[in-house]
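K.L.:
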């Protein structure tokens with residue numbers, strides 16, 4: 012069964028500093044990988060996704076993520092954090108070619124931004 | 027505007043009552059999903075439907091029921107058999123070729 016681990020429950024960074032959120036997955040084949048962001052009391056918004064090809068993917072709001080098969084990781088990065096980036100971030104894995112398109116989510120990393 | 031709507035935003039019920047959460051999408055998506063979110067637990071799949079008149083149980087289906095009579099609608103009923111129904115419920119949909127799930131704004135259910 013597929014699984015996702017987000018090792019950091021809560022991260023605090025200063026505005027303007029760089030950010031890296033960690034995500035490790037467990038899946039037997041090449042997975043579909045996603046990062047979503049959630050503001051308090053809201054739904055989830057897709058930041059970026061990896062299906063195949065270039066292992067460095069660009070997303071919305073200046074985020075990027077790199078797929079590293081050897082490390083089973085898909086870490087999310089941003090070079091300069093803005094106060095509006097404070098939210099909860101979820102990594103998710105889906106089965107490549109799976110018929111249901113079901114996703115398995117990590118437990119999330121809450122990001123706080125210091126002024 | 028295309029999207030997913032969930033209503034109501036907040037819902038309060040007494041213990042022992044069934045309650046139905048609404049989810050409607052106008053994205054023409056075939057697949058729809060219901061998730062439950064508890065603090066620190068991420069999202070857990072309750073039910074999903076790939077096509078009208080068909081649905082499957084997810085990881086935590088006990089105490090919940092769904093129907094899919096129309097492509098646009100996938101209501102979730104939280105029954106009195108659900109032992110801990112207080113949670114944030116999220117509905118999502120996915121097109122047949124995109125593999126991206128789009129989420130609604132969620133419904134916060136409180137049962138006392």
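Residue numbers (our numbering), protein chains in the order written: chain H, 12 to 126; chain F, 27 to 138.
Don't be surprised by glycine CBs; every beta carbon is placed ideally from N, CA and C.
Going along the region 75 to 108 of chain F in order, which residues come within less than 7 Å of chain H, judged by CB to CB distance?
P.N.:
Result list: 76.
K.L.:
Taking C-beta to C-beta, are residue 56 of chain H and residue 132 of chain F nearer than 8 Å?
P.N.:
Cβ atoms of residue 56 of chain H and residue 132 of chain F: not closer than 8 Å.
K.L.:
Tell me which residues of the region 72 to 84 of chain H have at least one Cβ-Cβ distance to chain F shorter than 9 Å, keeping chain order.
P.N.:
For the region 72 to 84 of chain H, which is checked against every Cβ of chain F, not one residue is closer than 9 Å.
K.L.:
Taking its Cβ as the centre, do 16 or more other Cβ atoms sit within 10 Å of residue 110 of chain H, making it buried, or is it exposed?
P.N.:
With a pLDDT of only 49 at residue 110 of chain H, under 50, the local geometry of the prediction cannot be trusted, and the value read off the model is given with reservation. With fewer than 16 Cβ atoms within 10 Å of its Cβ, residue 110 of chain H is classed as exposed.
K.L.:
Could you pull the start and end residues of the beta strand (DSSP E) that residue 81 of chain F belongs to?
P.N.:
First-last of the beta strand (DSSP E) with residue 81 of chain F: 80 to 83.
K.L.:
May I ask whether a heavy atom of the ligand NAD can be found less than 7 Å away from the beta carbon of residue 100 of chain H?
P.N.:
In terms of ligand content, the structure shown is empty, and the ligand NAD therefore cannot be addressed.
K.L.:
Strictly under 8 Å for the Cβ-Cβ distance: is residue 38 of chain H near chain F by that measure?
P.N.:
Residue 38 of chain H does not count as touching chain F.
K.L.:
What's the gap between the Cα of residue 44 of chain F and the Cα of residue 92 of chain H?
P.N.:
Rounded to the nearest angstrom, the two C-alpha atoms are 44 Å apart.
K.L.:
Mind checking which residues open and close the beta strand (DSSP E) that includes residue 102 of chain H?
P.N.:
It spans 98 to 105 - the beta strand (DSSP E) in which residue 102 of chain H sits, taken as one unbroken run.
K.L.:
Taking contact to mean at least 3 C-beta pairs separated by less than 8 Å, is the region 72 to 81 of chain F in contact with the region 46 to 60 of chain F?
P.N.:
A contact exists between the region 72 to 81 of chain F and the region 46 to 60 of chain F.
K.L.:
Helix, strand or coil for residue 20 of chain H, going by three-state DSSP, please let me know.
P.N.:
Residue 20 of chain H falls in the coil class under three-state DSSP.
K.L.:
Contact defined as beta carbons within less than 8 Å: I believe residue 66 of chain F pairs with residue 118 of chain H. What is the distance between those atoms, to the nearest angstrom?
P.N.:
The pair is a contact, with the Cβ atoms about 6 Å apart (cut-off 8 Å).
K.L.:
Between residue 88 of chain H and the rest of its own chain, which residues show a CB-CB distance below 6 Å, the 5 nearest in sequence each way excluded?
P.N.:
Cβ neighbours of residue 88 of chain H beyond the five flanking positions: 31, 75.
K.L.:
Once DSSP output is grouped into helix, strand and coil, what is the label at residue 79 of chain H?
P.N.:
Residue 79 of chain H: strand per DSSP, three-state reduction.
K.L.:
In the DSSP assignment, find the unbroken beta strand (DSSP E) run with residue 38 of chain H in it and report its ends.
P.N.:
Element bounds for residue 38 of chain H: n/a, residue is neither H nor E.
K.L.:
Taking the CB atoms as reference points, tell me whether residue 35 of chain H and residue 71 of chain F lie closer together than 8 Å.
P.N.:
No, the pair does not count as a contact, with Cβ atoms beyond the cut-off.
K.L.:
Give the list of continuous beta strand (DSSP E) stretches no shorter than 3 residues that lie fully inside the region 61 to 134 of chain F.
P.N.:
If we require 3 residues or more, the beta strand (DSSP E) runs fully inside the region 61 to 134 of chain F come out as 69 to 77, 80 to 83, 90 to 92, 102 to 104, 113 to 120, 127 to 129.
K.L.:
Could you name the residues of the region 89 to 114 of chain H whose beta carbon sits closer than 7 Å to any beta carbon of chain A, in the order they occur along the chain?
P.N.:
As a matter of chain content, chain A is missing from the structure shown, whose protein chains are H and F.
K.L.:
Taking the alpha-carbon of residue 114 of chain F as reference, which of F:88, F:62, F:29 has the nearest alpha-carbon?
P.N.:
Of the candidates F:88, F:62, F:29, the one whose C-alpha sits nearest the C-alpha of residue 114 of chain F is F:62.
K.L.:
Kindly indicate which three-state DSSP category residue 137 of chain F falls into: helix, strand or coil?
P.N.:
Residue state, collapsed to three classes: strand.
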